[in-house]
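Step one of this worksheet: look at the structure below.
Protein chains in written order, with my numbering: chain A, 866 to 980; chain B, 2 to 114.
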């Protein structure tokens, strides 16, 4: 099936540093998402991005978070500065336009550890 | 707000026995989309089933589920479990006018020989 790629698979950084998580969505998809999963808890929605704009975001999407997809390259999640509570697995997802827009395809996740 | 409840955190059963994983939901919207995702170890969550039609059975890869709006349920079933079905199963909801997937806490299914 359609594949979403995420780079890197693991990232360890010191608190206060900046981190960028990269997502390579399915090629014809136009809707992009980030979800956060803290160890042992369920996945939670962070943000939805379409046509260069944030369409919807949750309370978890703090001011230190930003997303972009410059010129059809990676869809990125940037955290600046990072905090200890940002340690989690971050999943990227994408979906196609039209009637299939509710079918989200997920990447394998990036495990972020903030020390 | 909207929510999804999966009552079983862990289900262990023997190969060949039937599978039923429970999922109920809460939403103020009358036309939610319901999904089952399956996540094998070290892999991405993968869409298994979806539905937005009341009382219509949806099937894929031997699994089936029926959305019952009267009871706000979307239970996942399979007639005979296989060893390869061992995985983490998430029920999820999207409400009308949103793209946000709201996940349940997940059920870890382990199928023993």
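Quick reminder that beta carbons are idealized off the backbone N, C-alpha and C, glycines included.
- Within chain B, 104, 105, 106, 107 have C-beta atoms less than 7 Å from the C-beta of residue 907 of chain A, given in sequence order.
- Using beta-carbon distances, residue 932 of chain A does not count as an interface residue toward chain B, since no partner is under 8 Å.
- Closest option to residue 32 of chain B, judged by alpha-carbon separation, among B/43, B/45, B/38, B/52: B/52.
- The continuous beta strand (DSSP E) containing residue 58 of chain B extends over residues 58 to 61.
- The residue from A/979, A/978, A/971 with its alpha-carbon nearest to that of residue 870 of chain A is A/971.
- Nearest neighbour of residue 65 of chain B by Cα position, chosen from B/36, B/29, B/6, B/44, turns out to be B/36.
- Nearest to residue 82 of chain B by alpha-carbon distance, out of B/110, B/103, B/25, is B/110.
- Within 9 Å of the CB of residue 51 of chain B, the CB atoms of chain A belong to 967, 968, in sequence order along the chain.
- Between residue 75 of chain B and residue 24 of chain B, the C-beta gap is smaller than 8 Å, which places the two residues in contact.
- Between residue 95 of chain B and residue 89 of chain B the beta-carbon gap is near 20 Å, outside 8 Å, which marks them as no contact.
- Apart from the 5 residues on each side of it in sequence, residue 114 of chain B sits with its Cβ closer than 7 Å to the Cβ of 16, 84 in its chain, given in chain order.
- Using a Cβ distance threshold of 8 Å, residue 946 of chain A and residue 905 of chain A do not count as a contacting pair.
- Taking CB atoms only, residue 44 of chain B has a neighbour in chain A less than 8 Å away.
- By the Cβ neighbour-count rule, residue 21 of chain B is exposed, with fewer than 16 other Cβ atoms within 10 Å of its own.
- Contacts between residue 34 of chain B and chain A, judged by CB atoms closer than 7 Å, involve 967 in chain order.
- When rounded, the separation of the alpha-carbon atoms in residue 909 of chain A and residue 980 of chain A is 22 Å.
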